[in-house]
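Visitor: Going by the working numbering, the first residue of the sequence shown is number 17, and it counts up by one from there.
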Amino acid sequence: MSTSGSTILDSDLHGIAVSPGIAIGPAYMYARVSFNVERRILEPEVVEEEYERFERAIKRAERDLHKIIAVTREKLGEDSATIFEAQLLMLRDHSLYPEVQAYIKNHNVNAGYAVQTVMSKHRQMMEASDSEYLRERANDLLDIQERIIRHLRRARVLSAIDEKTIVIAESLTAADVILFSRRGVLGCATEFGGPTSHVSIMARALSLPALVSMKDVSNQVENGDIVILDGIKGELIVNPDAKTLKRYKTKQRRYLRLIQEDKSLVPLPAETLDGHHISLQANLELREEIEQLSEYGAEGVGLFRTEMLLLMEGRALVTEEEQFAQYKDVVEASSPGPTTFRILDLGGDKMLPMAHREHNPFLGWRGIRIMLDKLDLLVPQLRAILRASANGPTKILLPMVSALEEVREFKVVLAKTMAELSEEGIAYDPDVPVGIMVEVPSVAISADQFAAEVDFFSIGTNDLTQYVLAVDRGNDLVAHLYNEMHPAVLQLISMTTEAAKKAGISVSLCGELATNMRAVPVLLGLGVDTLSASPIYLPAIKRVIRAMKQSEGQALAQKALVASDAGEFRDMMDRWLEEHACGVSFFLEGAGLA
Numbered sequence: 017m018s019t020s021g022s023t024i025l026d027s028d029l030h031g032i033a034v035s036p037g038i039a040i041g042p043a044y045m046y047a048r049v050s051f052n053v054e055r056r057i058l059e060p061e062v063v064e065e066e067y068e069r070f071e072r073a074i075k076r077a078e079r080d081l082h083k084i085i086a087v088t089r090e091k092l093g094e095d096s097a098t099i100f101e102a103q104l105l106m107l108r109d110h111s112l113y114p115e116v117q118a119y120i121k122n123h124n125v126n127a128g129y130a131v132q133t134v135m136s137k138h139r140q141m142m143e144a145s146d147s148e149y150l151r152e153r154a155n156d157l158l159d160i161q162e163r164i165i166r167h168l169r170r171a172r173v174l175s176a177i178d179e180k181t182i183v184i185a186e187s188l189t190a191a192d193v194i195l196f197s198r199r200g201v202l203g204c205a206t207e208f209g210g211p212t213s214h215v216s217i218m219a220r221a222l223s224l225p226a227l228v229s230m231k232d233v234s235n236q237v238e239n240g241d242i243v244i245l246d247g248i249k250g251e252l253i254v255n256p257d258a259k260t261l262k263r264y265k266t267k268q269r270r271y272l273r274l275i276q277e278d279k280s281l282v283p284l285p286a287e288t289l290d291g292h293h294i295s296l297q298a299n300l301e302l303r304e305e306i307e308q309l310s311e312y313g314a315e316g317v318g319l320f321r322t323e324m325l326l327l328m329e330g331r332a333l334v335t336e337e338e339q340f341a342q343y344k345d346v347v348e349a350s351s352p353g354p355t356t357f358r359i360l361d362l363g364g365d366k367m368l369p370m371a372h373r374e375h376n377p378f379l380g381w382r383g384i385r386i387m388l389d390k391l392d393l394l395v396p397q398l399r400a401i402l403r404a405s406a407n408g409p410t411k412i413l414l415p416m417v418s419a420l421e422e423v424r425e426f427k428v429v430l431a432k433t434m435a436e437l438s439e440e441g442i443a444y445d446p447d448v449p450v451g452i453m454v455e456v457p458s459v460a461i462s463a464d465q466f467a468a469e470v471d472f473f474s475i476g477t478n479d480l481t482q483y484v485l486a487v488d489r490g491n492d493l494v495a496h497l498y499n500e501m502h503p504a505v506l507q508l509i510s511m512t513t514e515a516a517k518k519a520g521i522s523v524s525l526c527g528e529l530a531t532n533m534r535a536v537p538v539l540l541g542l543g544v545d546t547l548s549a550s551p552i553y554l555p556a557i558k559r560v561i562r563a564m565k566q567s568e569g570q571a572l573a574q575k576a577l578v579a580s581d582a583g584e585f586r587d588m589m590d591r592w593l594e595e596h597a598c599g600v601s602f603f604l605e606g607a608g609l610a
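1) Under 8 Å, do Glu346 and Arg303 count as touching if we go by C-beta distance?
2) Within its chain, find whatever has a CB closer than 6 Å to the CB of Asp278; leave out the 5 residues flanking it on each side and keep chain order.
3) By Cβ distance, which residues of its chain are closer than 7 Å to His596, with the 5 residues on each side in sequence left out?
4) Taking the continuous beta strand (DSSP E) assigned at Lys411, which residues delimit it?
5) Measuring CA to CA, which of Glu337, Val228, Ile160 and Ala102 is closest to Ala73?
6) What is the DSSP secondary structure of Leu289, reduced to helix, strand or coil?
7) Which same chain residues end up closer than 8 Å to Thr181 when comparing Cβ atoms and leaving out the 5 residues on each side of it in sequence?
8) Quick check: what's the CA-CA separation for Val484 versus Val494?
9) Quick check for students: name the residue ranges of the beta strand (DSSP E) that lie wholly in the region 469-554, counting only runs of 3 or more.
10) Return the CA-CA distance between Thr481 and Gln507, expressed in angstroms with no decimal places.
11) For Thr355, which beta-bridge partners are listed by DSSP?
12) Between the alpha carbons of Ser567 and Ile85, how many angstroms are there, rounded?
13) Within its chain, find whatever has a CB closer than 7 Å to the CB of Pro285; leave out the 5 residues flanking it on each side and keep chain order.
14) Using a Cβ distance threshold of 8 Å, determine whether the region 450-469 contacts the region 390-398, with at least three qualifying pairs required.
15) So, Phe472 versus Ser522, is the Cβ gap smaller than 8 Å?
16) Starting from the C-beta of Val62, find all residues in its chain whose C-beta is less than 7 Å away, skip the five residues before and the five after it, and write them out in chain order.
17) Just the Cα atoms here: how many angstroms apart are Arg382 and Val428?
18) Can you give me the C-alpha to C-alpha distance between Val470 and Pro449, rounded to a whole angstrom?
19) Consult DSSP for Asp246 and reduce its assignment to one of helix, strand or coil.
20) Check whether the region 528-541 touches the region 572-579, taking contact to mean three or more Cβ pairs, one atom from each stretch, closer than 8 Å.
21) If you drop the 5 nearest sequence neighbours on each side, which residues of the same chain put their C-beta closer than 6 Å to that of Gly353?
22) Asp488 to Thr266, Cα distance in whole Å?
23) Distance check for Arg403 and Ser474, CA to CA, integer angstroms please.
24) Output the distance between the C-alpha atoms of Ala102 and Lys344, rounded to the nearest integer angstrom.
25) At the level of alpha carbons, what is the spacing between Asp392 and Met453?
26) Using only alpha-carbon positions, find the residue among Gln308, Pro256, Arg89 and Leu104 that is nearest to Tyr553.
27) Closest to Ser548 by CA distance: which of Ala535, Gly318 and Val560 is it?
28) Since I believe Ile248 is in contact with Pro36 (beta carbons under 8 Å), could you give me their beta-carbon distance rounded to a whole number of angstroms?
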């Protein structure tokens, strides 16, 4: 949509910023070639030949992926290449490869049609899932399907993308992002996808500014339009006027300068001016993110979301060995810092086939409630975590706890699991700490009772805010009412930290509030010991910590607890940050930080 003057896309089209940064350049409208294969009936005597065509296409697809894996290893390291190694395995997956062969044989049809039919069926099941993670994984299967069909047709992939452009597309694959990075692409915006998609992970790893969930963006921008992609605020500006362009070029320079300055903070401690240390740890969910621990100076893993392994596999059970292999890698990479494994937090928006349909899943069968009912899920995971604990400091975190009985019941299962490992002569840490997520108001209100039962608290402000304010932040009609800095939320955080202090246990905060620069001084003032966030945000958080005194945070916290006007308090924190934090207020405009 070419326009005169500065036009920001309609608010409904604002995207989710998944990789920060600012890109300015011409739009490149990228349309992935999708092949619709027609059904051809084969004579029985040529079916064997069709098998061979299918096998040749598989081998060519394998060669493609081996090249992509090599590029990924070169640019991002071994761990990031596992995304494509998984795709490589999917080419001959026991539920796909033989099913395609059987379809060719049983229906006497061409290989392309069989691939399209079988893989589309599997992909549609994933896309129809209630789980956002599974829906995003469906894109990987589409990439494999199109890769095989392309080789059956001997067509070439479009790779001659213009350099120094901003890619606009309905969807991209992780392989697209890797290949585009070699062409010097400046950024990308897609209609579909989410923060946990492989595209988003690759964009962050490559420091490529990216937006996803930009509804209908490919119909709103034309090839060659000058666009500004703001990967901090989550906006796309089309054909900006001279004034807007100048302002964003200045903003871009400030951002790049700040990122360079932040790199110098990585080896420094997260310590206030009056000597109070705060542990900065990372929220991780995939093995591919491990290298970011050292890159951004994380002192450990404050939250490892273990459900990602199940959701990516798309099945109700993942073996103990599969889990152990991943957990061991994370523990070893994080050591000597701790790794906090949250046991499977299923339910809500993270559903598996065995889950029940519920009218209100966020208040239903989820988290610890599922795990205590499904020991076939819980026990193998506990065994895997405990075995990994022999390789470095490890913690266990229980999600969606609402009653003391749940903690006590879990401890019985844990003790029994430990006894079994001891009998088998398997090494583990017998003193592995057990903590709970504080995300249900009843837990915060009764924090003193829970503090006597557990080794640490981890405050999950995303759900806590949702439950306290009765606001579904995913609902556009009420999302404006969602405010993690609401005094009622802060009061519950304060109750939690006070109970933890009296009991002598630690308290961390792992929700998105940890990345809110206005909140950081207040959280320190409330007594939070550890802040855990996506690694890329840790240097900015450290910048705030190193520019303040704990006593200042305590004074700000007292004002926050009694605030009645959110706007007034917001302005006060902006002024404080501008005075103290050396320009970090730049980040406050960001969707993920404001």
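Even for Gly, the Cβ is constructed at its ideal location relative to N, Cα and C.
Guide: Here's the rundown:
1) Contrary to the premise, residue 346 reads as Val rather than Glu in this sequence. Going by C-beta atoms, Val346 is nearer than 8 Å to Arg303.
2) Spatial neighbours of Asp278 in its own chain (CB-CB distance under 6 Å, excluding positions within 5 residues in sequence) are listed in chain order as Pro555.
3) Around His596: Ala563 and Met564.
4) Residues Thr410 to Leu414.
5) With distances taken between Cα atoms, Ala73 lies closest to Ile160.
6) DSSP places Leu289 in coil when its eight states are reduced to three.
7) Excluding its 5 nearest sequence neighbours in each direction, Thr181 has C-beta neighbours in its own chain below 8 Å: Gly41, Pro42, Ala43, Tyr44, Val201 and Leu202, listed in chain order.
8) Cα to Cα, Val484 sits roughly 14 Å from Val494.
9) Secondary structure within the region 469-554: the beta strand (DSSP E) runs of 3 or more consecutive residues, fully enclosed, are 472-475, 522-525 and 546-549 (chain order).
10) About 11 Å.
11) Answer by DSSP bridge pairing, in chain order: Val317 and Thr410.
12) The alpha-carbon atoms of Ser567 and Ile85 are separated by roughly 50 Å.
13) So the qualifying residues of the chain are His293.
14) Three or more beta-carbon pairs separated by less than 8 Å are not found between the region 450-469 and the region 390-398, which leaves the two stretches without contact.
15) Yes. Within cutoff.
16) Result list for Val62: empty, nothing under 7 Å.
17) Between Arg382 and Val428, the C-alpha separation is close to 20 Å.
18) Put simply, the backbone Cα of Val470 is about 8 Å away from that of Pro449.
19) The DSSP-derived three-state label of Asp246 is strand.
20) As far as the Cβ criterion goes, the region 528-541 touches the region 572-579, which means the pair count is three or higher.
21) For Gly353, where only same-chain residues beyond five positions count, the Cβ hits under 6 Å are Glu315 and Gly316.
22) C-alpha separation (whole angstroms): 36 Å.
23) Using only the alpha carbons, I get a separation of about 23 Å.
24) Put simply, the backbone Cα of Ala102 is about 19 Å away from that of Lys344.
25) Cα to Cα, the separation comes out at about 22 Å.
26) When only C-alpha atoms are compared, the closest one is Gln308.
27) Its Cα nearest to that of Ser548, the residue Gly318 stands out among Ala535, Gly318 and Val560.
28) 5 Å between Cβ atoms; contact.
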